[in-house]
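Everything below concerns the one structure shown next.
Encoded structure:
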């Protein structure tokens with residue numbers, strides 16, 4: 005069965021600190037897709053990144069970076085030099101193969117960045 | 201121009217009432233979805249329509265009925281509302297399989313049943 009675990013329920017950091025949000029997944033498939041979404045206080049869900057199981061390259065986008073490690077079934081998200089605007093709930097999600105048309109979401113990590 | 205728009209944004213209603221939430225997308229996507237986010241922020245898919253055809257129907261009480269008059273619209277009708285239906289309901293769309301293309305979500309409808 006597929007499962008996504010975000011063990012950190014809530015994290016608080018002071019502005020400019022680096023922070024890593026953990027995501028551990030379970031799947032029996034060799035082909036799968038991983039995602040991160042951001043839900044700011046306004047409530048909408050914003051797509052951040054997609055990664056397929058054959059691409060273990062880490063990715064950096066500005067202050068955001070993602071570390072995908074199949075050996076530990078993890079897809080962690082790091083924000084460098086955090087800002088107050090980064091305060092949000094962050095969701096990791098998993099989808100098995102093409103054609104399932106649905107994700108399994110983790111329970112989210114609430115990040116509070118304090119000024 | 202909002203890509204996926206839901207109305208209403210907030211809905212407060214009494215137990216036993218029937219209510220509808222509307223969703224429209226102007227992205228030309230073929231597939232639309234309803235997700236439910238409970239009070240603990242857990243997100244779970246409810247339904248999906250591809251070109252007006254139901255392709256996902258998760259274990260949802262049959263008081264919930266989706267309706268897709270065309271591929272740009274997916275409405276959610278809920279009969280005999282219960283306290284446990286209180287949640288945020290998100291509509292989403294995708295160009296194709298969301299595994300490849302991702303979802304575009306609406307801003308959510310917060311339903312409160314009193």
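Chains as they are written, first to last, in the numbering used here: chain L, 5 to 119; chain S, 201 to 314. We put the beta carbon where it would ideally sit given N, CA and C, even for glycine. What you are looking at is a predicted structure, and each value in this text was computed from that prediction instead of being measured.
- Three or more Cβ pairs closer than 8 Å define a contact, and the stretch 221-236 of chain S meets that threshold against the stretch 260-278 of chain S.
- No Cβ of chain L is located within less than 8 Å of the beta carbon of residue 264/S.
- Not a single CB atom of chain S sits nearer than 8 Å to the CB of residue 17/L.
- Residue pairing of residue 254/S in beta bridges, as defined by DSSP: 249/S.
- The bridge partners DSSP lists for residue 310/S are 210/S, 288/S.
- Its chain contains 286, 287 as the residues whose beta carbon lies nearer than 8 Å to that of residue 239/S, once the 5 sequence neighbours on both sides are disregarded; these appear in chain order.
- Scanning its chain for C-beta atoms nearer than 6 Å, with the 5 sequence neighbours on each side dropped, one finds around residue 217/S the residues 281, in chain order.
- For residue 37/L, the beta-bridge partners assigned by DSSP are 56/L, 99/L.
- Taking the C-beta atoms as reference points, residue 262/S is found no nearer than 8 Å to residue 247/S.
- Identification of residues in the stretch 38-51 of chain L having a C-beta nearer than 9 Å to some C-beta of chain S yields 39, 41, 43, 46, 47, 48, 49, 50, 51, given in sequence order.
- 72/L is the residue among 72/L, 51/L, 9/L, 24/L whose C-alpha sits nearest the C-alpha of residue 61/L.
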